[in-house]
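When we follow full-length UniProt numbering, the leftmost residue of the sequence shown carries the number 1, and every step to the right adds one.
Quick notes on the structure that follows.
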Amino acid sequence: MLEVIPCGTLRSVIKKRAPLDSSATAFYFANLVAGIEFLQNAEILHRDLKPENILLGTDGYLVIADFGTAAREGDNTDWVLVGSPAYMAPELVSIEQQSKITYAAIDWWSSGVILYEMATGILVSPDRLPPGKIRFLK
C-alpha cells in the first residue's frame with residue numbers, strides 16, 4: 001500500500017507563490033537536501049528531480065516521488081540520458097563530458113535549479129541544452 005499525499009506538488013506551490021519568501025525557500029530547500037542525503041546514503045540516484053516530482057505532505061514537509069528513472073549508485077548498467085532538460089546537469093547532455101560525470105552530483109545540480117526557481121520564480125531556460133541531445137520524459 002502506498003501513502004496518499006493529497007496536498008499537491010512543489011510545482012503548485014511555486015506557481016501560486018513564486019518567488020517564495022526566504023523562509024519558505026530555506027524550509028523547502030532544507031527538506032529537499034535531507035531527502036537527497038537520505039537517498040544518497042542508500043546509494044540511490046533519483047535522476048529526475050523537479051518540482052513536479054516533489055510532493056507536499058499534510059505536515060508541510062516535502063516528499064520526493066516518481067522513482068521511474070532512479071538508479072543505484074555504482075550500477076554497471078548503461079546510463080541512458082534521462083530526466084527533464086531544464087533540471088539536468090550540463091555534463092549529462094555533453095558527450096565530451098559524460099566520462100567526467102560524478103553521478104552523485106546529478107541530483108545536487110537539479111536541487112540547485114529548484115532552489116533558484118523557488119527564490120526567483122524563474123526556471124533556467126532549457127535553451128542552454130544542445131538540440132538533439134535530450135530524451136524527454138513525460
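Cβ atoms here follow ideal geometry from the backbone N, Cα and C, with glycine treated the same way.
Given the structure is predicted, the values throughout are model-derived calculations rather than measurements.
Proximity to G74 [Cα-Cα], best of S111, T102 and L55: Locating residue 74 in the sequence shown gives position 74, counting from the first residue. When each option's Cα is compared against that of G74, the closest is T102.
By DSSP, does T120 sit in helix, in strand, or in coil? Taking the sequence shown and counting its residues from 1, one reaches residue 120 at position 120. Of the three classes helix, strand and coil, the one that applies to T120 here is helix, per DSSP.
By Cβ distance below 6 Å, which residues in the same chain neighbour R11 in space, the five residues on each side in sequence not counted? Here residue 11 is taken as the residue at index 11 of the sequence shown, counted from 1. Result list for R11: P51 and E52, in chain order.
Does the separation of the CB atoms of N31 and L62 fall below 8 Å? The residue you call residue 31 lines up with position 31 of the sequence shown. The residue you call residue 62 lines up with position 62 of the sequence shown. Annotated as proximal: N31 and L62, with beta-carbon spacing under 8 Å.
Just the Cα atoms here: how many angstroms apart are G8 and V93? Counting from 1 along the sequence shown, the entry for residue 8 is found at position 8. Counting from 1 along the sequence shown, the entry for residue 93 is found at position 93. Rounded to the nearest angstrom, the two C-alpha atoms are 30 Å apart.
If you follow the beta strand (DSSP E) that L81 is in, where does it begin and where does it stop? The residue given as residue 81 occupies position 81 in the sequence shown. Boundaries cannot be given for L81, as no beta strand (DSSP E) includes it and DSSP labels it neither H nor E.
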